[in-house]
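In what follows, a structure is listed as structure tokens, so that the remarks can point back to it.
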Amino acid sequence: MFTSQSLRAVPKPGSVGFKEHRLDDVVHQIDVVGALEDTSELNRRIEGALAAGVRWLILDLSEAAVVSDLVLEGLVDAAGALRSRKGELIVAGAQRHVAQRLAAYDVAHRPAVAANVDQAVMILKMLRPKTDIRRAKQRINSLTLPRIEPN
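Its first residue numbered 1, the sequence shown is counted upward by one per residue in the UniProt record's numbering.
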């Protein structure tokens, strides 16, 4: 049985819907459903993520029916902004023709492309640098060594 509540979750033809997930303090995922022809809402969400300190962004386009050239140009710009933060934009689940259009951009500027979100997370784990935990150096002396008792 459908209710008006369940129908609101499905975007109307020609419209676009977004879902956002914060995966980590610097990792964010945006899922797109519908026709992504206008850049304003996507740009607003990306800018909001950047303002919140995001360095790694996964954009899931597996449910995007249409992706305009203007949106692709915006994604290339967003990839540059994230790289300046030592991060990356990973486009996941893009249809073949969208991935081919992204491939036309210079490899140094275009976002990374993954087959799905799981692969994007694996790429993220490979690209994301290890956190460098700096500990105070401890001098080793007879008091800091563990005591060894004879049997």
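Built from N, CA and C at the ideal position, the CB exists for glycine as well.
(Q) Please report the straight-line C-alpha distance between ALA94 and LEU70, rounded to a whole angstrom. (A) Counting from 1 along the sequence shown, the entry for residue 94 is found at position 94. Counting from 1 along the sequence shown, the entry for residue 70 is found at position 70. Each residue's Cα considered, the two are about 16 Å apart.
Q. On the three-state DSSP scale, how would you describe THR131?
A. Here the question's residue 131 lines up with position 131 in the sequence shown. Residue placement at THR131 cannot be trusted, given a pLDDT of 39 that sits under 50; the coordinates are not used to answer.
Q. Under 7 Å, do SER15 and GLU37 count as touching if we go by C-beta distance?
A. What you label residue 15 is simply residue 15 of the sequence shown in a count that begins at 1. What you label residue 37 is simply residue 37 of the sequence shown in a count that begins at 1. Against a cut-off of 7 Å, the Cβ pair of GLU37 and SER15 comes out as no contact.
Q: Could you tell me which residues DSSP pairs with ILE90 in its beta bridges?
A: Against the sequence shown, residue 90 aligns to sequence position 90. Under DSSP, ILE90 takes part in a beta bridge, and its partners are ILE58, ALA112.
Q | beta strand (DSSP E) segment containing ASP31, residue limits | A | Here residue 31 refers to the residue found at position 31 when the sequence shown is read from its first residue. For ASP31, the enclosing beta strand (DSSP E) stretches over residues 27 to 36.
Q: Sort out for me which residues DSSP pairs HIS21 with in a bridge.
A: Position 21 of the sequence shown, counted from the start, is the residue given in the question as residue 21. As a beta-bridge residue in DSSP terms, HIS21 pairs with GLN29.
Q.
With a threshold of 7 Å on Cβ separation, who are the neighbours of ASN43 within its own chain once the five nearest residues in sequence on each side are excluded?
A. On the sequence shown, position 43 is the one that residue 43 refers to. The beta carbon of ASN43 lies closer than 7 Å to those of GLY74 in the same chain, with the five residues before and after it left out.
Q: Using the DSSP secondary-structure output, state which residues sit across from ALA64 in a beta bridge.
A: Stepping through the sequence shown from its first residue, residue 64 is reached at position 64. Paired residue(s): GLY34.
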